[in-house]
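S.K.: Every letter in the sequence shown is one number past the one before it in my numbering, and letter 153, counting from 1, is 298.
The beta-carbon is built from N, C-alpha and C at its ideal position, and this holds for glycine as well.
Got a structure for you, written out below as structure tokens; questions coming shortly.
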Amino acid sequence: MTPKAPSEIWSAEVNGEPVETLITSNAILLDVLRDQVGTLGVKRGCDLGTCGCCTVMIDGDARLSCLCLAGQVSGRDIVTVEGLSDGAHLAPIQTCFAEHGGSQCGFCTPGFLISAQALLTKNDSPTDEEISIAIEGNLCRCTGYQQIVDSIRAAAEIHRGEVEPAPPASDPHPNPHPEGPDEPSMPPGHAR
Ligand code: FES
Ligand code: FES
Numbered sequence: 146m147t148p149k150a151p152s153e154i155w156s157a158e159v160n161g162e163p164v165e166t167l168i169t170s171n172a173i174l175l176d177v178l179r180d181q182v183g184t185l186g187v188k189r190g191c192d193l194g195t196c197g198c199c200t201v202m203i204d205g206d207a208r209l210s211c212l213c214l215a216g217q218v219s220g221r222d223i224v225t226v227e228g229l230s231d232g233a234h235l236a237p238i239q240t241c242f243a244e245h246g247g248s249q250c251g252f253c254t255p256g257f258l259i260s261a262q263a264l265l266t267k268n269d270s271p272t273d274e275e276i277s278i279a280i281e282g283n284l285c286r287c288t289g290y291q292q293i294v295d296s297i298r299a300a301a302e303i304h305r306g307e308v309e310p311a312p313p314a315s316d317p318h319p320n321p322h323p324e325g326p327d328e329p330s331m332p333p334g335h336a337r
């Protein structure tokens, strides 16, 4: 029988909040984030370091959480996709992905958003080549990548202050159905 790895207290700053939890010394960061911290935006794709779905930012650098022991990043500053928005206000990179078709099925999107944000935080005027290098570890089966590059370019313009960001998603919207839809009437003989 394989001996059980010893447990240890793991603490880190996740999306600006201090987190403390008990982990085994061989726990993988992806598992800790999803199963213990509850940041389910961090996706498990391949578990092998090839798809980029599990990308998180650690001290500002994009890293694959499936290849990272949680213990190695104890005490560090971790940002997952949940930490990009300011509450209900999406970050420019998120609105640009939505507006430019950078997200279709969406499974790869959290990883791309983190890789892109890590780039833009350091370089708000990336060339197309720099964008390609930043996302080279992220795979997408839907978009063909061009829309993703377009989204990152558009977000860079907002970061540089050349374009106004989209209005916050939390602005009050008029409720189109304040009383709720009318109850449909059923023809005689049709039970609900
Ligand atoms: S799940 Fe980490 S790279 Fe695929
Ligand atoms: S949007 Fe579907 S895999 Fe990228």
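(1) Is the distance from the Cβ of D173 to the Cβ of V201 below 8 Å?
(2) Please name the residue, chosen from G194, V159, T169, that lies closest to G183 on a Cα-to-Cα basis.
(3) Which residue wins for smallest C-alpha separation from A215, given the options D231, G251, E165?
(4) Is it the case that the CB of F340 approaches a heavy atom of ligand 2 more closely than 7 Å?
(5) May I ask you to list the residues that DSSP assigns as paired with L214?
(6) Please report the straight-line C-alpha distance between T272 and G289, rounded to a whole angstrom.
(7) For the beta strand (DSSP E) containing P208, list its first residue and its last residue.
(8) In whole angstroms, what separates the C-alpha of L185 from that of E307?
(9) Compare the beta carbon distance of D295 and H245 with 8 Å and say whether it is the shorter of the two.
(10) So, under 8 Å CB-CB, A261 and I280 are touching, yes? Tell me the CB distance rounded to an integer number of Å.
(11) Counting along the chain, where does the beta strand (DSSP E) carrying E157 start and finish?
(12) Assign T254 to one of two classes, buried (16 or more other C-beta atoms within 10 Å of its C-beta) or exposed (fewer than that).
(13) Taking only the alpha-carbon atoms, compute the straight-line gap between P148 and C241 and give it to the nearest angstrom.
M.R.: This is what the structure holds:
(1) Taking the sequence shown and counting its residues from 1, one reaches residue 173 at position 28. Taking the sequence shown and counting its residues from 1, one reaches residue 201 at position 56. Per the sequence shown, residue 173 should be read as Ile rather than Asp. No, the Cβ-Cβ distance between I173 and V201 is not below 8 Å.
(2) Counting from 1 along the sequence shown, the entry for residue 183 is found at position 38. The candidate whose alpha carbon is nearest that of G183 is V159.
(3) Sequence index remark: in the sequence shown, residue 215 carries index 70 (1-based). Closest in alpha carbon position to A215, among D231, G251, E165, is E165.
(4) The question about residue 340 has no answer, for the chain in this structure spans 146 to 337.
(5) By 1-based counting over the sequence shown, the position of residue 214 is 69. The partner list for L214 (beta bridge, DSSP) reads I173.
(6) Here residue 272 refers to the residue found at position 127 when the sequence shown is read from its first residue. Here residue 289 refers to the residue found at position 144 when the sequence shown is read from its first residue. Each residue's alpha carbon lies about 19 Å from the other.
(7) In the sequence shown, residue 208 corresponds to position 63, counting from 1. Rather than Pro, the amino acid found at residue 208 in this sequence is Arg. Per DSSP, R208 belongs to the beta strand (DSSP E) from 206-209.
(8) Residue mapping note: residue 185 aligns to position 40 of the sequence shown, counting from 1. Residue mapping note: residue 307 aligns to position 162 of the sequence shown, counting from 1. Straight-line Cα distance between these residues: approximately 33 Å.
(9) Position 150 of the sequence shown, counted from the start, is the residue given in the question as residue 295. Position 100 of the sequence shown, counted from the start, is the residue given in the question as residue 245. Using a Cβ distance threshold of 8 Å, D295 and H245 count as a contacting pair.
(10) Taking the first residue of the sequence shown as position 1, residue 261 is located at position 116. Taking the first residue of the sequence shown as position 1, residue 280 is located at position 135. Between I280 and A261 the Cβ distance is about 7 Å, and since that is below 8 Å, they are a contact.
(11) Within the sequence shown, residue 157 is the residue found at index 12, counting from 1. This sequence places Ala at residue 157; Glu is not what is there. Looking at the DSSP string, the run of the beta strand (DSSP E) that includes A157 is 152-159.
(12) Taking the first residue of the sequence shown as position 1, residue 254 is located at position 109. Buried, since its Cβ has 16 or more Cβ neighbours within 10 Å.
(13) Taking the first residue of the sequence shown as 1, we reach residue 148 at position 3. Taking the first residue of the sequence shown as 1, we reach residue 241 at position 96. Going by the C-alpha atoms only, they are around 48 Å apart.
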